[in-house]
Structures are given as structure tokens and as C-alpha cells.
Amino acid sequence: MALQIGPRLQAFFDTPLPLVIGTTRSNGSVQMNPIWYEFRDGLIWLNGGPQRGWVRHLQRHGRATLLVLDANNMFRWAQLECRYVDATAEGADEHIERLSHRYTGGPYRNPKVDRLIVRVSPERVTGFESGQAWDVTT
11 MALQIGPRLQ
21 AFFDTPLPLV
31 IGTTRSNGSV
41 QMNPIWYEFR
51 DGLIWLNGGP
61 QRGWVRHLQR
71 HGRATLLVLD
81 ANNMFRWAQL
91 ECRYVDATAE
101 GADEHIERLS
111 HRYTGGPYRN
121 PKVDRLIVRV
131 SPERVTGFES
141 GQAWDVTT
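With the working numbering applied, the sequence shown covers 11 to 148.
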């Protein structure tokens, strides 16, 4: 059953906050990368090049842990344990443009790089806002 995200957590995800993705390398160590994201249709939508390590690790292992952190209040955060859903090049250029406008207010500056939309499904969410756990149900 999919997680049901409540209005407080939805509002948090709607804010352009930094997301750090943790993936597992083939040697078992963890790689962490800051990336842009959006929460849409119950999934986390990421965007990266097929050559990026985090994309390859996620496709190989099928799991990632994400940390969304409020840059103005480090005690307002959400950690998501996610499983890989899919990746597609279709619509990826438009998606990175949308993310760039969300995060920078302007166009994406490196349009010649191959891109993928990578979607993951949150299976568990932990974290806090103002000392309260997030409003999530299964």
C-alpha cells in the first residue's frame, strides 16, 4: 500500500528544499549527492544523467535513502526510504527545466547533457517539524 502524505508533509515537499540522495556503491560504501526533486503523483521525481553514479547505483540496487532538509532550520527534515520505480529519457529535458525554475527561478544552464527522469517510491518516512513527527499513514 502506498504511503499517504498529509498536508504538512506535502507543503514541506512543495518547498524547493535541498535533497540528498544516498545510494550504495558496488563496494558497499555509501555515495551521497545533493539533487533537485519534486514530489508528484505520490512519487519523488529526480533528474540526472545516465552516467551519474547515483543513477547507476539506484538502478543496480533498487533502493535509496533521501534526506530533505530545511536550509533555515536543520531540525525540520524528512528522511525517506525509497525503492526504485523507473527511469526514462522521455520528458527529461522539460523536467530539468521545471526543476531549474523551481530552484533557481531561471532556465537550466547545461542543456546539452543527456538527462533521465528517475522516479522512486517512498516506503517509509521519518523526521520532524517543530518537534512533531510528519503526518504520514500507510
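Beta carbons are placed, not taken as given, at the ideal position from N, Cα and C, and that holds for glycine.
Cα-Cα separation between residue 114 and residue 107, rounded to whole angstroms
Position 104 of the sequence shown, counting from 1, holds the residue named residue 114. Position 97 of the sequence shown, counting from 1, holds the residue named residue 107. When rounded, the distance between both Cα atoms is 10 angstroms.
Residue environment, residue 153, which counts as buried when at least 16 other CB atoms sit within 10 Å:
Lying outside 11 to 148, the shown extent of the chain, residue 153 is not represented and no answer is given.
Drop a sphere of 10 angstroms on the beta-carbon of residue 116, count the other beta-carbons inside from all chains shown, and report buried for 16 or more, exposed for fewer.
If you number the sequence shown from 1, residue 116 lands on position 106. Residue 116 comes out exposed.
Please classify residue 102: is it buried, with 16 or more other beta-carbons within 10 angstroms of its beta-carbon, or exposed?
Position 92 of the sequence shown, counted from the start, is the residue given in the question as residue 102. Classification of residue 102: buried, given that the 10 Å Cβ count is 16 or more.
May I ask you to list the residues that DSSP assigns as paired with residue 138?
Within the sequence shown, the letter at position 128 stands for residue 138. For residue 138, which the question treats as bridged, DSSP gives the partners 87, 143.
Check whether the stretch 129-142 touches the stretch 13-24, taking contact to mean three or more Cβ pairs, one atom from each stretch, closer than 8 angstroms.
yes
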